[in-house]
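FYI, the working numbering numbers position 525 of the sequence shown as 703, with every residue one higher than the one before it.
Cβ atoms here follow ideal geometry from the backbone N, Cα and C, with glycine treated the same way.
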Amino acid sequence: MRDTNPITSKLEAFMERLMSQQQVFIEQITSRQQGLEEQIVEISRTVQDARRQPLHTTDNPTSAEYDPSRGSEVRPELPTSGTMAPRYSKMEFPTYSGEGDPLSWVKRCEKFFTNQRTTEADKVGLVAFHMVGEAQLWFDQVEQEEPEITWKQFRDHCHIRFGPPLSNNPLGELANLKQTDSVEDYQRKFQSHLARTSDLRPQQQCFHQGGGLLRTNWGGTTTKLNTSSGGPPLAKTRTPDISKETPPVSFFKRLTRTEMAEWRAKSFVLTVMNHTPRVTSVNACFRLKCLMMTGKLEDKLSIEEGSDDVDAEVDAFVEHRYNHFSFIEDVAAARAPESLNHLLNMLQARGEALISPAAKEGLIPLVIPLSESPSGKLTSLLRWPTSPPGMEMPVVEVHKHGVWLLAKSVDQYIHRMLVEEDANVENSNKLWDASAEAGQKLYKKDDLSESGIADLDIYLLKKVGLFPDVIERKISRHLEKGDQVRNKYRAFIYEDLFHFPVSAMITGEFYTKQHFPGFGRPFAFNAQILLKVGRNLEAKDAARGALKSPWWTLGFKYQDVADIAEWEDEQIEYIKEKITEEGRMEDLKKGKAPEQVALDEAAFLMDLASIDGSWNEVVDRIAECYMEAGLHDIAKFIAFRE
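Following this line, the structure appears as structure tokens:
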């Protein structure tokens, strides 16, 4: 019996129309797909035909076509894009058997890669085909342990296995290289060491002094240097020592300390010019400029008139700057600030003692010490583990529980020091002389007085940049003014009518904006301000926000901030649980990447160590975590020992 329900009839009719439209839609999609496939086939055929045709240059259509089998044929200009297939001309790839230093072989391989436009993914495989003997057996073992090894990793492993013992400070070995035989032998050793210091910038090159060349001894051995570049070493002659018989009469003027240092510097330059032409200009510039850059040498040398220790004093003075540059570039694997040398001069002119950048014992392992003040405060650079590209290393003051931000960059700190020196009525020219050309670029003397800004802090914030201590000083002044007004009119004016606490809170809110990324100090300080004005709930939220940042950036003891946040020990217990083996396995089961788990553990260990300053107890494990996360440069920097 036919269903006469009108709703059912309408539904069946609707379904029939829907099925019909769906069939039409499927046919249209199928037709379009077939059309696209035909177009793809046509394009593929066109590309194949184009590849079979000879390739001619636009300027000379009759020139020979490019033949991959000919390495000497003149080739037309080809586009160089990221997807460009590598080109292989007839070039003999160098082989290596594991005998001798692999440095020159690695350099030849890299030249081959550049010429042939070899992709990163193909480099290791191509090299593996040309390793023989012991080297081949070694690579087979490495490949089993690291199937996805990159060219950079392979190169490092090869140097470690077959090369000479590697140094944490190759630039230091270069500078400390001593001449024990002929000058030509010294030059060969010098070039060998220099070849291992890649990507040198002018600031670094100026420290390759070649200071190990033997000097002539006026009372004993005398050596006449052969000024030719290819002659054999000249024989040494011995002059009799007559100092015991009769005192020699001096026919020469007695040199002062400054004159002696300048003479020896110039003598060194002449020696280097004859035997190390590659670094002549930078050495001459640096060695002579070092004397000028320090102002008067009398202020830098603590020796008696006519002392024989001038070289030792000058070298010790220069060594501080060399150590910091090479340490940052080679150990910290970062780019040294261009004005670092001037900052070191200024810190020393201010009365601070320069210290070794590797003197990190007992300190937070991410800092690079620069100087120590008479009161014991350490000025350092901060090496962020995972800083954004282009971010400069900030200048910080090191404390037991972490660091306190002084400036976002070296240039900003130099700028501030010059402004504050200009504002000092008893200022001298020491800082100005020490800043040299860096200071001239950043600040013009008397600009503070000419600006018409009477308040030094306002000038710094407007003209130089944002500084945590300056902002905090402004906030504290707002509160002090509010306290003074309240005490004066306490009898008949309510506290909420005063604008000073409001100004302090507004400035505190500004302080917490993203002006100092990575630092928890702005939030922690703002929490204390909110607590002082009776905003307890907001203070608690601000304190908890501060504790989301690394605890070693709070600028306060952890417990002081945790009390405002109303946190007991549950957060510490949570972190301690996270760094256990069970905690790590739990994160891995949740799908977190092993590298991220390792980074989290390193951050947790840093937080825990900041509570009581027990950095030495965790530094090795922190380095291991960064190694597990693939950040090998940071791991080596943290684990470095002086």
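Query                                                                                                                           : Result
Residue 785 and residue 729 closer than 8 angstroms at C-beta                                                                   : yes
Local conformation of residue 502 per DSSP, three classes                                                                       : helix
Through-space distance from residue 533 to residue 174, alpha-carbon basis                                                      : Residue coverage of the chain in this structure runs from 179 to 820, which leaves residue 174 outside it and unanswerable.
Simplified DSSP state of residue 390, which is helix, strand or coil                                                            : Because the pLDDT at residue 390 is just 49, under 50, the model does not fix this residue reliably, and the value given afterwards should be weighed accordingly. DSSP places residue 390 in coil when its eight states are reduced to three.
Residue 725 beta carbon less than 8 angstroms from that of residue 743                                                          : yes
Proximity to residue 301 [Cα-Cα], best of 557, 270, 314, 333                                                                    : 333
Any non-hydrogen atom of the ligand MG within 7 angstroms of residue 590 CB                                                     : With respect to the ligand MG, the structure offers nothing, as it holds no ligand at all.
Residue span of the beta strand (DSSP E) that contains residue 585, given as start and end                                      : 580-585
Proximal residues to residue 801 (C-beta, below 7 angstroms), its chain only, five neighbours per side dropped                  : 813, 816, 817
Per DSSP, cross-strand counterpart(s) of residue 547                                                                            : 558
Close-in-space but distant-in-sequence residues of the same chain around residue 620 (CB under 7 angstroms, 5 per side omitted) : 589, 592, 593, 596
Strand pairing of residue 532, partner residues [DSSP]                                                                          : 549
Three CB pairs or more closer than 8 angstroms across the segment 553-562 and the segment 636-643                               : no
Three-state secondary structure assigned by DSSP to residue 627                                                                 : helix
Simplified DSSP assignment, three categories, for residue 576                                                                   : strand
Bridge partners - residue 274, DSSP secondary structure assignment                                                              : 309
Assigned exposure category for residue 132 - 16 Cβ within 10 Å defines buried                                                   : For the chain, the structure presents residues 179 to 820; residue 132 sits outside this window and is missing.
Alpha helix (DSSP H) segment containing residue 607, residue limits                                                             : Taken as a continuous stretch (DSSP letters only), residue 607 belongs to no alpha helix (DSSP H), as it is neither H nor E.
Residue 126 vs residue 740 beta-carbon contact at 8 angstroms                                                                   : Because the chain here runs from 179 to 820, residue 126 falls outside it and cannot be looked at.
Spatial neighbours of residue 756 in its chain, beta-carbon cut-off 6 angstroms, leaving aside the 5 residues before and after  : 782
Contact set for residue 406: own chain, Cβ-Cβ below 8 angstroms, skip 5 residues either direction                               : With a pLDDT of only 37 at residue 406, under 50, the local geometry of the prediction cannot be trusted, and the value read off the model is given with reservation. Same-chain partners within the cutoff: there are none.
Closest residue to residue 563 among 773, 282, 804, 188 (Cα-Cα distance)                                                        : 804
Outcome for residue 637 when other beta-carbon atoms lying within 10 angstroms are tallied against a minimum of 16              : buried
Local conformation of residue 669 per DSSP, three classes                                                                       : Annotation note: pLDDT 43 at residue 669 (below 50); position unreliable, coordinate value reported separately. Residue state, collapsed to three classes: coil.
Residue 327, DSSP secondary structure in three states                                                                           : coil
Cβ distance (whole Å) where residue 525 is taken to contact residue 548 below 8 angstroms                                       : 6 angstroms
Opening and closing residue of the alpha helix (DSSP H) in which residue 710 lies                                               : 699-710
Where the alpha helix (DSSP H) through residue 815 begins and ends                                                              : 810-817
Within 8 angstroms, strictly: CB atoms of residue 780 and residue 732                                                           : no
Chain C contact for residue 501 (CB, 8 angstroms cutoff)                                                                        : Included in the structure is just one protein chain, with no chain C present.
Assumed close pair residue 561, residue 541 - CB separation to whole angstroms, cut-off 8 angstroms                             : So it is not a contact: roughly 12 angstroms between Cβ atoms.
CA-to-CA distance, residue 759 to residue 523, given in whole angstroms                                                         : 48 angstroms
Under the three-state DSSP convention, the category residue 190 falls into                                                      : helix
Beta-carbon proximity list for residue 718, same chain, < 7 angstroms, skipping 5 on both sides                                 : 742, 743, 744
Segment limits, alpha helix (DSSP H) that includes residue 594                                                                  : 588-601
Segment limits, alpha helix (DSSP H) that includes residue 797                                                                  : 797-806
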